[in-house]
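Trainee:
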Amino acid sequence: MEVDESPILSSEEIAQYATYFADKRKGVIRAKPYGSTAAQIAQIFSDLLESLSGEHTWAIVQLRRDSMTEIADSAIREIERLSIASSDSEVLDHFAEASTSLESLIILIEEQMITLTNSAGLPHESLRLIRIFSSSRVRFAVLASEASATSALKELSARVDTQVGIAADAAQRAETAAENAARSAGERGATDLESAFSRYAEDENKTSKRFRVSTMTILGVVVAAASALIAVEYLAPGSTSGVFDWRQSLYHLAFLSALSALAAYLARQSTHHRQTAVWAEGIAVQLRSFLAFVDPMNDHEAQSRVYEAFARRVLGSPPDLGKSVDETGATQLLTSIAELITRRPN
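In terms of the numbering used here, the sequence shown is residues 2 to 347.
1) According to DSSP, is I108 part of a helix, a strand, or is it coil?
2) Pop quiz: S35 and V92 are said to be a contact at Cβ under 8 angstroms. What is the actual Cβ separation, rounded to whole angstroms?
3) Taking three-plus beta-carbon pairs below 8 angstroms as touching, is the segment 51-66 in contact with the segment 130-148?
4) In this structure, how does DSSP classify I42 when only helix, strand and coil are distinguished?
5) Looking only at its own chain, which residues have a Cβ that is under 6 angstroms from the Cβ of F198, when we skip the five neighbours before and after it?
6) By the three-class DSSP mapping on this structure, what secondary structure does I9 have?
7) Would you check if the distance between the CB atom of H274 and the CB atom of E205 is smaller than 9 angstroms?
8) Can you tell me whether DSSP reads R314 as helix, strand or coil?
9) Does chain C have any CB closer than 9 angstroms to the CB of H253?
10) Taking Cβ positions, are I107 and R138 nearer each other than 9 angstroms?
11) Smallest Cα separation from K25: which of L10, L194 and Q41?
12) Which residue's Cα is closest to the Cα of H403: S105, L230 and A76?
13) Does the distance from the C-beta atom of L257 to that of A226 stay below 9 angstroms?
14) Tell me R65's beta-bridge partners as DSSP assigns them.
15) Can you give the Cα-Cα distance for L128 and H57, rounded to whole angstroms?
16) Would the beta-carbon of V223 fall within 9 angstroms of that of A278?
17) What number of angstroms, rounded off, separates the C-alpha of P8 from the C-alpha of I85?
18) Buried or exposed for E112, going by 16 or more other Cβ atoms inside 10 Å?
19) Quick one: grab the DSSP three-state call for S88.
20) Look at the Cβ atom of F22, then the Cβ atom of A39, and state whether they are nearer than 9 angstroms.
21) Figure out for me which residue from G221, Q304 and A229 has the closest Cα to the Cα of L261.
22) Does T216 pass the burial test, meaning 16 or more other C-beta atoms within 10 Å, or should it be called exposed?
23) Is the beta carbon of S100 less than 9 angstroms from the beta carbon of A145?
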């Protein structure tokens with residue numbers, strides 16, 4: 002765009018910038034897949050600049066050409082890139098850059114308004130211009146919100162599709178495992194579960210040990226810190242005046258109490274993971290021999306009840322902290338097995 006040599010923009014040049022954005026809107030509106038969104042952003046810039054070149058020329062009396070050129074070029078560049086963006090992440094990135102350009106333009110005009118305030122005071126049209134700024138920001142925020150929502154919905158849809166695929170694969174694996182278990186008297190079907198519970202027990206054991214080590218470390222720090230504080234506060238003179246500093250001692254006590262509370266929490270977590278590991282180890286041992294014991298039985302009704310009780314025990318949640326076993330599941334399982342044994346032919 003041809004301009005004169007003056008560093009200050011004229012209202013005619015601002016109008017040319019407005020036309021430039023309007024033409025850019027027409028150029029990108031049919032681009033895929035985000036041409037319509039890019040065109041709306043270009044329209045926001047065009048409307049704002051058109052208002053500045055018309056009834057609000059008083060606000061641009063000291064607007065420098067180089068600043069305006071930099072902002073406009075950046076905005077045009079992001080509008081063009083947005084119109085042909087290939088991913089949601091690119092769309093959001095270009096939105097952010099275009100938003101920065103819009104905010105830079107508004108701030109630039111507001112600085113001119115502040116200059117006028119310091120010199121001669123704002124004209125009565127300033128309130129209307131401030132409303133135009135707010136409207137431009139709101140329009141841009143609405144577009145950004147719509148783009149973010151679309152991106153979030155697409156991401157959520159992709160996640161749902163992934164989870165559905167995982168669930169379908171899991172169902173297929175379960176069906177295959179059931180068929181294999183039927184062909185091999187139930188032994189093969191239990192192998193994968195046994196391995197899974199064994200790995201789970203091993204992982205829980207490792208986690209429990211990590212919490213235990215952290216607990217012992219913090220307790221060691223508490224003991225060492227307490228010993229040091231006792232040596233300093235009680236065995237050595239508290240101050241040159243010989244007056245005991247209660248406030249400092251309370252701070253130290255609060256610090257040690259916080260460390261002790263953290264150690265107690267870590268110890269509780271260690272106990273919880275250790276208890277879960279014991280539960281998983283027990284399930285793994287039961288899986289090793291349960292199906293081979295039950296499958297040869299001829300009473301299918303009793304078998305079904307035993308399978309149901311055992312499934313509740315295996316597929317149920319680990320026992321809560323403070324309970325050593327899953328008492329309900331174990332009792333149902335033992336009752337069903339006892340019933341099956343009484344019906345077992347000699």
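Even for Gly, the Cβ is constructed at its ideal location relative to N, Cα and C.
Mentor: So, to answer that:
1) Taking the sequence shown and counting its residues from 1, the one referred to as residue 108 is at position 107. In this structure, DSSP gives I108 a helical state, which the three-state scheme calls helix.
2) Residue mapping note: residue 35 aligns to position 34 of the sequence shown, counting from 1. Residue mapping note: residue 92 aligns to position 91 of the sequence shown, counting from 1. What sits at residue 35 in the sequence shown is Tyr, not Ser. Y35 to V92, Cβ: 6 angstroms. Contact.
3) Taking one beta carbon from each stretch, the segment 51-66 and the segment 130-148 have 3 or more pairs nearer than 8 angstroms; the two touch.
4) Locating residue 42 in the sequence shown gives position 41, counting from the first residue. I42 carries a helical assignment under DSSP once its states are collapsed to helix, strand and coil.
5) Here residue 198 corresponds to residue number 197 of the sequence shown, with the count starting at 1. Counting only Cβ-Cβ distances below 6 angstroms, and skipping sequence neighbours, we find A281, I284 and A285.
6) Along the sequence shown, one-based indexing puts residue 9 at 8. Strand.
7) Along the sequence shown, read from residue 1 onward, the residue named residue 274 stands at position 273. Along the sequence shown, read from residue 1 onward, the residue named residue 205 stands at position 204. Yes, they are a contact pair.
8) Within the sequence shown, the letter at position 313 stands for residue 314. In the three-state scheme derived from DSSP, where H, G and I count as helix and E and B as strand, R314 is classed as helix.
9) Here chain C cannot be found, since the structure has a single protein chain.
10) Numbered from 1 along the sequence shown, position 106 holds the residue referred to as residue 107. Numbered from 1 along the sequence shown, position 137 holds the residue referred to as residue 138. For the pair I107 and R138, the CB atoms are nearer than the 9 angstroms cut-off.
11) Here residue 25 is taken as the residue at index 24 of the sequence shown, counted from 1. The residue with the shortest Cα to Cα distance from K25 is Q41.
12) Past the boundaries of the shown model lies residue 403; the chain is included only from 2 to 347, so the question cannot be answered.
13) Translated into positions along the sequence shown, residue 257 becomes position 256. Translated into positions along the sequence shown, residue 226 becomes position 225. In this structure, A226 lies closer than 9 angstroms to L257 by Cβ.
14) Residue mapping note: residue 65 aligns to position 64 of the sequence shown, counting from 1. Note: R65 sits in a beta bridge opposite I9.
15) By one-based count along the sequence shown, residue 128 stands at place 127. By one-based count along the sequence shown, residue 57 stands at place 56. Distance from the CA of L128 to the CA of H57, rounded to the nearest whole angstrom, comes to 11 angstroms.
16) Against the sequence shown, residue 223 aligns to sequence position 222. Against the sequence shown, residue 278 aligns to sequence position 277. No, they are not a contact pair.
17) As a position in the sequence shown, residue 8 is number 7, starting the count at 1. As a position in the sequence shown, residue 85 is number 84, starting the count at 1. C-alpha separation (whole angstroms): 34 angstroms.
18) For this step, residue 112 is matched to residue 111 along the sequence shown. Label assigned to E112: exposed.
19) Here the question's residue 88 lines up with position 87 in the sequence shown. DSSP places S88 in coil when its eight states are reduced to three.
20) Mapped onto the sequence shown, residue 22 falls at position 21. Mapped onto the sequence shown, residue 39 falls at position 38. No, they are not a contact pair.
21) Counting from 1 along the sequence shown, the entry for residue 261 is found at position 260. Just to set this straight, residue 261 is Ser in the shown sequence, not Leu. The residue from G221, Q304 and A229 with its alpha-carbon nearest to that of S261 is G221.
22) Position 215 of the sequence shown, counted from the first residue, corresponds to residue 216. Label assigned to T216: buried.
23) If you number the sequence shown from 1, residue 100 lands on position 99. If you number the sequence shown from 1, residue 145 lands on position 144. Closer than 9 angstroms, so yes.
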